[in-house]
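Worksheet: one structure, shown below.
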């Protein structure tokens with residue numbers, strides 16, 4: 022599938038599913054796949070290289086939909102992949118005359134490195150694989166009154182880079198809902214707190230985790246692109262960013 026940089030999709034999170042492998046541009050998505058004249062086998066994507074420019078444009082494009090359907094009052098970025106998208110997205114969510122939307126961070130780890138080689142090092146360039154248990158590496162400080170008040174009665178947008186098995190997102194939503202309930206009781210407030218989710222990429226695969234039906238049905242879950250179950254290389258993971266960008270440019274040919 023060929024696509025030009027900057028093309029947009031009228032529906033950012035719903036794409037047609039195809040039974041055959043497709044070439045996928047990080048800015049286009051499968052809804053623009055042309056069934057005729059398939060790409061050369063040598064160009065079939067096993068790795069999807071995403072550039073900082075791609076991330077910027079996906080956030081810019083998605084912000085329009087987020088403002089239409091959710092209008093978040095607080096952003097919670099899941100580290101480490103959600104940090105960069107959250108910061109870029111905030112610039113496009115800001116309304117003239119209004120302050121920036123606060124960003125808070127939580128750290129969750131699910132992915133594990135592949136086994137080490139005989140030399141004692143992990144295989145260079147090898148992908149991480151999903152683990153079986155979510156580990157907290159950083160969380161909100163709920164001992165601070167200000168942090169508790171930020172949770173109760175707010176529209177909270179959770180941001181991550183990819184929805185893979187959905188395990189991490191499920192954990193984040195459930196644990197934050199528990200925190201909201203505890204904060205509501207401590208503060209004596211009963212206002213409704215709403216959660217939304219934004220990811221750059223949703224992998225089209227069977228999920229291990231689940232998200233609340235009301236979130237999914239209300240349009241408060243948004244993936245800028247839905248892609249096949251492939252290895253996505255984000256720029257913040259690159260050791261050599263110039264090589265990463267060259268690979269991304271070659272992939273688009």
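In the numbering used here, the protein residues as written are 22 to 274.
Ideal placement from N, C-alpha and C gives every residue a C-beta, glycine not left out.
Rounded to whole angstroms, what is the Cα-Cα separation between residue i and residue j?
i           : j           : result
residue 160 : residue 224 : 26 Å
residue 217 : residue 236 : 7 Å
residue 10  : residue 103 : A query on residue 10 cannot be resolved here, the shown segment of the chain reaching from 22 to 274 and no further.
residue 143 : residue 251 : Residue placement at residue 143 cannot be trusted, given a pLDDT of 44 that sits under 50; the coordinates are not used to answer.
residue 276 : residue 128 : Coverage of the chain is limited to positions 22 through 274, which leaves residue 276 absent and any answer about it impossible.
residue 254 : residue 199 : 33 Å
residue 121 : residue 177 : 14 Å
residue 115 : residue 92  : 10 Å
residue 231 : residue 191 : 6 Å
residue 272 : residue 113 : 28 Å
residue 196 : residue 274 : 43 Å
residue 94  : residue 158 : 24 Å
Buried or exposed: residue i, going by 16 or more other Cβ atoms within 10 Å of its Cβ?
i           : result
residue 270 : exposed
residue 182 : buried
residue 85  : exposed
residue 90  : exposed
residue 83  : buried
residue 164 : exposed
residue 186 : buried
residue 75  : buried
residue 184 : buried
residue 267 : exposed
residue 105 : buried
residue 87  : buried
residue 214 : buried
residue 207 : exposed
residue 97  : buried
residue 99  : buried
residue 179 : buried
Between residue i and residue j, how many whole angstroms is the CB-CB distance? I'm expecting something under 8 Å.
i           : j           : result
residue 212 : residue 173 : 6 Å
residue 201 : residue 233 : The pair is not a contact, with the Cβ atoms about 13 Å apart (cut-off 8 Å).
residue 245 : residue 79  : 4 Å
residue 219 : residue 110 : 7 Å
residue 117 : residue 171 : With 8 Å as the limit, residue 117 and residue 171 do not qualify as a contact, their Cβ atoms being about 23 Å apart.
In the DSSP output, what is residue i paired with across the bridge?
i           : result
residue 254 : 70
residue 243 : 219
residue 184 : 223
residue 130 : 156
residue 125 : 97
residue 248 : 224
residue 176 : 215
Any beta carbon from chain B within less than 8 Å of residue i's own beta carbon?
i           : result
residue 101 : Structure shown: chain B not included; a single protein chain is present.
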